[in-house]
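Below is one structure, written out as structure tokens, with a few remarks after it.
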Amino acid sequence: MHLSIIMDGNGRWAKAKGLNRTEGHKKGAEVVKDITTFCANNDKINYLSLYAFSTENWKRPKYEVDFLMKLLDNWLKKELDTYLENEVRFEVIGDISKFSDKLRKRINITKEKTKHFTKLTQVLALNYGSKDEITRAVKKLCNEKKEITEENINRYLDTSIHNIPDVDLLIRTSGEIRVSNFLLWQIAYAEMFFTNTLWPNFTTKELEEIIKNFEKRERRYGGI
Ligand code: IPE
Ligand code: IPE
Ligand code: MG
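The opening residue of the sequence shown carries number 301 in this note's numbering; numbering runs sequentially from there.
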């Protein structure tokens, strides 16, 4: 199954502790490692997509955006071993053309070194916005003079390009009940869970509980 997480609440976690927001992002990155390792070793989960930076997050103060870019670069460098040890394929959705050459190079190295792994595909959404993704897909269809069909639009989404299926389970942390431009097309029939836990406090134990709950839900897809 495809598990998708909107990792929210890093800033509030830090604020509550009297720390700078950037400390929340650092702690949040550690949780990404725990959750990824858990998913890699869980036979039911094949895809884990994580909302890391939205097309709207450029609105944040420059120092925070710069910090997030640096954190991502360091994280990919440091955690390459985690991908290799756990046999995790790394993929990206979103438009990373705006990122620095250095960061894009790091992203491509990580993708290249992990592309043969099949235990789990971890998908980071980077400069990702669902409206942007759909617009890019439709533009491409028009440029190639292809027919506008549901199938064709789907085929040109970032997810489909990287063989990532629709979402089965979507979780958002931090108590916000919204999707903030994440995978709008791909969550058409996803089951959703919203938890008040701030992302830096999210644990594999809570994830296990949510998955148990998810398995009890009846998915109907419009049928009876
Ligand atoms: C989510 O945490 C991480 C990113 C968007 C990069 P936030 O930074 O949005 O944390 P809050 O919502 O301000 O607490
Ligand atoms: C969504 O969180 C984006 C990520 C988790 C990367 P935000 O914190 O940016 O969303 P809003 O602004 O509260 O909707
Ligand atoms: Mg937030």
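Each residue gets a CB set at the ideal place from its N, CA and C atoms; glycine is no exception. This one's a predicted model, so the numbers in the text were calculated from it and none came from an experiment.
**Request:** Output the distance between the C-alpha atoms of residue 462 and residue 342, rounded to the nearest integer angstrom.
**Result:** 21 Å
**Message:** For a test of the three-state rule: what should DSSP assign to residue 369, helix, strand or coil?
**Reply:** If DSSP states are grouped into helix, strand and coil, residue 369 belongs with the helices.
**Request:** Give the straight-line distance between the Cα atoms of residue 385 and residue 373, rounded to the nearest whole angstrom.
**Result:** 19 Å
**Prompt:** Which residues in the same chain have their Cβ closer than 7 Å to the Cβ of residue 301, if we skip the five residues on either side of it in sequence?
**Reply:** 344, 345, 346, 468 and 469
**Item:** First through last residue of the alpha helix (DSSP H) which encompasses residue 304
**Value:** It is not in any alpha helix (DSSP H) - residue 304 instead sits in the beta strand (DSSP E) that spans 302-306.
**Prompt:** Which residue spans inside the region 332-400 form an unbroken beta strand (DSSP E) run of at least 3?
**Reply:** Taken in chain order, the complete beta strand (DSSP E) segments of 3 or more residues contained in the region 332-400 are 347-354 and 388-393.
**Message:** ligand 3 and residue 328: does any heavy atom of the ligand fall closer than 7 Å to the residue's C-beta?
**Reply:** No.
**Request:** Provide the residue span of the beta strand (DSSP E) that contains residue 488, from first to last.
**Result:** Counting along the chain, residue 488 falls outside any beta strand (DSSP E), and DSSP gives it neither H nor E.
**Residue span of the alpha helix (DSSP H) that contains residue 438, given as start and end** = 430-443
**Asked** Going straight from the alpha carbon of residue 510 to that of residue 493, what length do you get?
**Response** Linking residue 510 to residue 493 through their CA atoms gives a straight-line distance of about 7 Å.
**Message:** Is residue 334 a contact residue of ligand 3, with contact defined as CB to any heavy atom under 7 Å?
**Reply:** no
**Prompt:** Could you give the C-beta distance for residue 350 and residue 430, rounded to a whole number, given that I count them as a contact under 8 Å?
**Reply:** About 15 Å; that fails the 8 Å criterion.
**Prompt:** On the three-state DSSP scale, how would you describe residue 503?
**Reply:** Assigned with DSSP and collapsed to three states, residue 503 falls in coil, not helix or strand.
**Prompt:** Is residue 361 buried or exposed, if buried means 16 or more other CB atoms sit within 10 Å of its CB?
**Reply:** By the neighbour-count definition (other C-beta atoms within 10 Å, threshold 16), residue 361 is an exposed residue.
**Request:** Ignore the nearest five residues each way along the sequence and tell me which others in residue 337's own chain have a CB closer than 6 Å to its CB.
**Result:** 386
**Item:** Rounded straight-line distance, which links the Cα of residue 487 to that of residue 413
**Value:** 29 Å
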